[in-house]
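These notes concern the structure reproduced below.
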Amino acid sequence: MYIYADILIITNIYVDFLLIKSAAAITHSPLKTGRGIFAAVVGSLFSLAIFLPKSLSLLLAPIKIISSAVIVIIAFGFENIGHFFRRMVVFYLCAFIFGGLGTGLAYLTGGRFITARNGVIYADFSMPALVITSIAAYVCIGVYKRLSDYGTDGSYTVIVSDCGRTASFTAVADTGNILKDSFTGKYVIVCPRDVLLTLYDTVPDCVSVTEGKTSLGKRWRIIPYSTVSDSGIMAVICPRDVCLKNDETGQIFRADVYLGAAENDNSKAVFNPKILI
């Protein structure tokens with residue numbers, strides 16, 4: 123099989139982005155699409171190692187380690203060694219699974235459509251085939267997330283870090299809270315207003331904003347909500363880091379969510395348990 127550099131890079135952008143999304147889903151790490159795509163593009167350049175001669179095979183292991191570290195740091199940033207190591211391990215596991223499948227397909231097809239060399243998978247697929255396989259892979263990720271639901275009973279503590287401050291508050295799981303941001307699809311944890319004031323100097327008042335009496339602020343957004351007995355608009359913000367701790371088991375879940383400022387006097391925050399999956 124002839125190997126073309128342009129096809130190699132394009133297919134590896136798809137693969138690397140899929141691996142990044144898988145690692146983000148499994149580790150509950152926030153991921154911005156732009157950073158994920160950029161990380162995939164940079165990572166695809168390392169796939170050119172497929173052209174290395176056998177005399178330089180000793181360089182393959184360092185290249186693999188360096189490329190994975192670069193991809194993870196670009197995609198997720200570097201918070202601390204613990205988070206970095208966890209994401210690296212999960213990224214490697216996803217890569218091993220994909221690599222194993224690719225090697226198996228190469229063996230079954232006799233290297234006609236897919237081949238593996240120097241630890242790099244090269245697939246001579248058409249664009250429709252890439253789209254179909256990408257959709258299938260996302261379905262597999264979704265199935266994994268469903269099967270990995272650890273249960274949502276019990277009380278939780280939400281720990282939020284943003285703007286150089288950290289706050290923790292009690293939260294309860296409620297499947298009735300289906301509030302999402304319509305643009306990103308992220309769930310919203312509805313929080314007491316006084317809790318958010320410990321993190322942020324001001325929390326926009328939606329009525330004042332709509333009447334033009336006050337500004338919304340740079341990072342805040344307004345989204346509509348509706349319940350069985352009420353409807354309206356809510357101010358939401360996407361913090362830098364959110365974790366939920368199960369008070370009974372001690373298990374900690376990272377969540378990529380928005381925080382919403384409740385207009386009522388709720389003493390506890392409310393979140394949809396699906397963010398724990």
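Positions in the sequence shown are counted from 1; adding 122 to them yields our numbering.
C-beta: ideal position from N, C-alpha, C; glycine also.
A direct Cα-to-Cα measurement between N134 and S290 gives close to 41 Å. In the three-state reduction of the DSSP assignment, P395 falls in the helix class, which pools H, G and I. Apart from the 5 residues on each side of it in sequence, T149 sits with its Cβ closer than 7 Å to the Cβ of R208, R209, V212, R376 in its chain, given in chain order. Sorting A293, I188, N299 by C-alpha distance to the C-alpha of L366 places A293 at the top. Residue range 315 to 319 is occupied by the alpha helix (DSSP H) that includes L319. The Cβ-Cβ distance between R315 and A383 falls below 8 Å. As a beta-bridge residue in DSSP terms, T292 pairs with T279. DSSP lists V312, V358 as the beta-bridge partner residues of G382. Only residues of its own chain outside the window of five on either side were considered, and among them T336 have a CB closer than 7 Å to the CB of D327, listed in chain order. For T320, the CB contacts under 8 Å within the same chain, skipping 5 residues up- and downstream, are R287, A289 in chain order. In this structure, DSSP gives C285 a state outside helix and strand, which the three-state scheme calls coil.
Straight-line measurement puts the Cα of L318 at about 11 Å from the Cα of S283.
When only Cα atoms are considered, I355 and Y347 end up about 6 Å apart. Here P184 is exposed, its C-beta having fewer than 16 other C-beta atoms within 10 Å. Between H205 and the set A171, S166, A146, K154, the nearest pair of CA atoms involves A146.
Taking 8 Å as the upper bound for CB-CB distance, I311 and F393 are in contact here, some 4 Å apart.
When secondary structure is reduced to three states using DSSP, F168 falls in the helix class. With respect to I131, S189 sits apart: the two C-beta atoms are not nearer than 8 Å.
It is roughly 25 Å from the alpha-carbon of Y214 to the alpha-carbon of S177. Straight-line spacing of the CA atoms in V325 and A357 works out to 8 Å. Taking all protein chains shown into account, V261 has fewer than 16 neighbouring C-beta atoms within 10 Å of its C-beta and is therefore exposed. Secondary structure at I300: coil, using DSSP grouped into helix, strand and coil. Taking 8 Å as the cut-off, the Cβ atoms of G165 and I187 do not count as close. One alpha carbon belongs to Q373, the other to L398, and they sit about 11 Å apart.
In the three-state reduction of the DSSP assignment, R343 falls in the strand class, which pools E and B.
In the structure shown, D352 adopts coil according to DSSP, grouped into three states.
Straight across, the Cα-Cα distance linking C285 with I203 is about 21 Å.
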